[in-house]
Structures are given as C-alpha cells and as structure tokens.
Amino acid sequence: MTLLTYGTNFNHLTTQRYAALGKRVAPFELPFTLAEYRSWLASHFAGTTTRCFYCNWPISLETVVVDHKTPSVQCGSLHFDNMCLTCKSCNDQKGSRRAEAVILLRTLCNNSTLFTPTDRDSVLGRLQSSIKLAIREQRRRAGEARTRQPNVRVMPHVRRPHKSS
Ligand SMILES: [Zn+2]
Numbered sequence: 102m103t104l105l106t107y108g109t110n111f112n113h114l115t116t117q118r119y120a121a122l123g124k125r126v127a128p129f130e131l132p133f134t135l136a137e138y139r140s141w142l143a144s145h146f147a148g149t150t151t152r153c154f155y156c157n158w159p160i161s162l163e164t165v166v167v168d169h170k171t172p173s174v175q176c177g178s179l180h181f182d183n184m185c186l187t188c189k190s191c192n193d194q195k196g197s198r199r200a201e202a203v204i205l206l207r208t209l210c211n212n213s214t215l216f217t218p219t220d221r222d223s224v225l226g227r228l229q230s231s232i233k234l235a236i237r238e239q240r241r242r243a244g245e246a247r248t249r250q251p252n253v254r255v256m257p258h259v260r261r262p263h264k265s266s
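Numbering (the working numbering), first residue to last: 102 to 266.
Printed below as a string of structure tokens:
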C-alpha cells in the first residue's frame with residue numbers, strides 16, 4: 102500500500118495535523134501551505150511507515166508526531182528544514198530541548214564506559230520524573246485558571262510574543 106491509497110484518510114489526518122501545527126506556532130503563521138505540508142510528509146513515508154528521528158522506531162501516519170528540532174521557544178525556524186518526524190514517546194521526552202541536546206544526552210547515557218546500567222537508569226529515571234512533575238504542574242495551573250473567579254486577573258500565556266502595533 103502506498104501513501105496515494107491513503108486517499109480520504111490521508112487528507113483527513115493531514116488536515117487535522119496541519120491545523121494543530123498552526124495552533125502550536127500561533128501567533129506566527131506556518132510558512133507553507135497544506136498542500137506543501139502533505140507532500141513533505143508523504144516524501145518521508147516509504148509505503149506506510151517511516152522511522153522516528155530519535156529512536157528509529159517504525160511509525161505510521163496515524164502515530165507520527167512532527168517535531169521542531171530547535172523548538173520555536175528557542176527561536177527555531179518554522180520551516181521544513183527544522184522539522185522531523187518522531188514517535189510520541191520521544192517527542193514527550195524531548196520537551197523544549199534542542200534535538201542535538203537530546204541526542205547527546207542519550208548517547209552519553211548509553212555509553213557503557215561512562216555510565217553503568219545503574220547510573221543510566223538513575224539519570225533517565227530522574228529525567229522522567231521531572232517531566233512528569235512538569236506536566237502535573239502544568240495541569241494544576243490550567244485547572245486553577247479554570248476555577249478562578251471572573252474578577253481575578255488571569256495572566257496571558259508567557260510564551261506568546263508581544264504583537265507589534
Ligand atoms: Zn522515538
């Protein structure tokens with residue numbers, strides 16, 4: 102089965118992903134059209150699967166997550182040359198770090214002359230815990246914001262740049 106036979110499913114999925122990507126980079130605009138996004142995505146799939154940029158795990162169009170190698174919060178480009186395809190697990194672990202930092206950390210942890218298996222598990226375990234804590238804190242804040250009284254001032258999202266007027 103080739104991507105062309107995805108047909109309606111491919112169009113539906115890519116329309117959703119394109120819209121989600123657009124929301125993620127707001128207030129900036131995506132520097133490519135939906136059609137360009139579709140052909141960029143299709144070019145990465147040989148048949149129905151491709152591999153995660155970070156862990157090489159096979160990923161399908163249904164499970165793929167588009168990642169900015171240098172995150173936009175670190176002034177990364179919104180163009181294709183800064184984009185890669187990942188599995189959800191790697192994307193969650195990466196957070197707002199740069200791809201080089203993630204790869205370097207993994208390489209370091211997997212170097213058995215530097216790290217014993219116990220060191221490795223400890224480092225990765227601590228990272229995992231801090232990610233879980235950060236997600237929990239984010240959810241707690243989102244919950245607080247929803248239950249606040251209308252007269253309480255809600256601070257705007259800190260990552261949103263000021264609009265020049
Ligand atoms: Zn992965």
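Don't be surprised by glycine CBs; every beta carbon is placed ideally from N, CA and C.
Sequence-distant residues of its chain with Cβ nearer than 7 Å to residue i (five each side left out)
i	result
Thr134	none
Ile160	Thr150, Thr151, Arg152, Cys153, Leu186, Cys188
Arg261	Residue confidence for Arg261 is low, a pLDDT of 41 falling below 50, so the modelled location carries little weight and cannot support an answer.
Residue i (DSSP reduced to helix, strand or coil)
i	result
Ser230	helix
Ser140	helix
Pro128	coil
Asn112	helix
Gly196	coil
Met256	Low confidence applies here, because Met256 scores a pLDDT of 35, under 50, leaving its location unreliable; read the following figure in that light. It is coil, neither helix nor strand.
Cys210	helix
Gly101	Lying outside 102 to 266, the shown extent of the chain, residue 101 is not represented and no answer is given.
Gly177	coil
Thr134	coil
Thr219	helix
Cys156	coil
Nearest-angstrom beta carbon gap, residue j and residue i [assumed within contact, 8 Å]
i	j	result
Leu179	Pro132	5 Å
Val167	Arg242	Their Cβ separation, rounded to whole angstroms, is 26 Å, which puts Val167 and Arg242 out of contact at 8 Å.
Tyr138	Thr171	So it is not a contact: roughly 19 Å between Cβ atoms.
Gln194	Ile232	7 Å
Leu162	Phe146	7 Å
Val126	Ser173	6 Å
Strand pairing of residue i, partner residues [DSSP]
i	result
Asp168	Cys185
Ala147	Thr150
Ser161	Thr150
Contacts around residue i, its chain only, beta-carbon distance under 8 Å, and the 5 residues preceding and following it disregarded
i	result
Leu225	Cys210
Cut-off 6 Å between Cβ atoms - residues of its own chain near residue i, not counting five sequence neighbours on either side
i	result
Cys156	Cys191
Phe216	Cys210
Gly177	His169, Thr171, Asn183
Val253	Because Val253 carries a pLDDT of 37, less than 50, the predicted location of this residue cannot be relied on, and the following value inherits that uncertainty. Around Val253: no qualifying Cβ.
Check each residue's C-beta against every heavy atom of ligand 1 and list, in chain order, those closer than 6 Å. Cβ atoms closer than 6 Å to ligand 1 belong to Cys153, Tyr155, Cys156, Trp158, Thr187, Cys188, Ser190, Cys191.
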